[in-house]
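**Q** Quick one: the structure is below, and I'll ask about it shortly.
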Amino acid sequence: VDFAYLDKIRQTGASVNWSHKLTGLSTLTGSVSRLKSEGRGGSTIETDEDMLTVNFLTQLGPSTNIGVGFRRTDFDGTTNYTENSVTGTFSHRF
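Structural data, given as structure tokens:
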């Protein structure tokens with residue numbers, strides 16, 4: 006979607022974020038968001054994007070953390086798609 010050729014662009018959005026300490030070493034976080042974009046000019050373009058993320062992080066040792074996350078994005082516009090992704094992280098401080 007190309008908003009570059011439109012005169013007026015308006016975006017409105019909202020998100021809710023949360024975090025929960027499961028144990029002294031692990032945390033679960035999440036986010037839900039919605040973004041609506043509208044462009045007006047020679048033509049009209051409208052898009053909607055909904056996103057959900059969930060992440061889990063835990064400490065394996067005094068300097069080592071590991072995490073896993075999931076993200077789902079639903080996009081409606083001139084092209085509609087759904088994207089799902091899983092990520093993993095590993096960090097160690099020396």
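Numbering (the numbering used here), first residue to last: 6 to 99.
We put the CB at the ideal spot given by N, CA and C, even for glycine.
Is Gly29 buried or exposed, if buried means 16 or more other CB atoms sit within 10 Å of its CB?
**A** Answer is exposed; the Cβ neighbour count stays below 16.
**Q** Using three-state DSSP, classify Asp53 as helix, strand or coil.
**A** Asp53 falls in the strand class under three-state DSSP.
**Q** Between the stretch 81-88 and the stretch 58-67, do at least 3 Cβ pairs fall closer than 8 angstroms?
**A** Short answer: they don't touch.
**Q** When you compare only the Cα positions, how much space is there between Glu88 and Lys13?
**A** Cα to Cα, the separation comes out at about 28 angstroms.
**Q** Return helix, strand or coil for Phe99, following the three-state DSSP convention.
**A** It is coil, neither helix nor strand.
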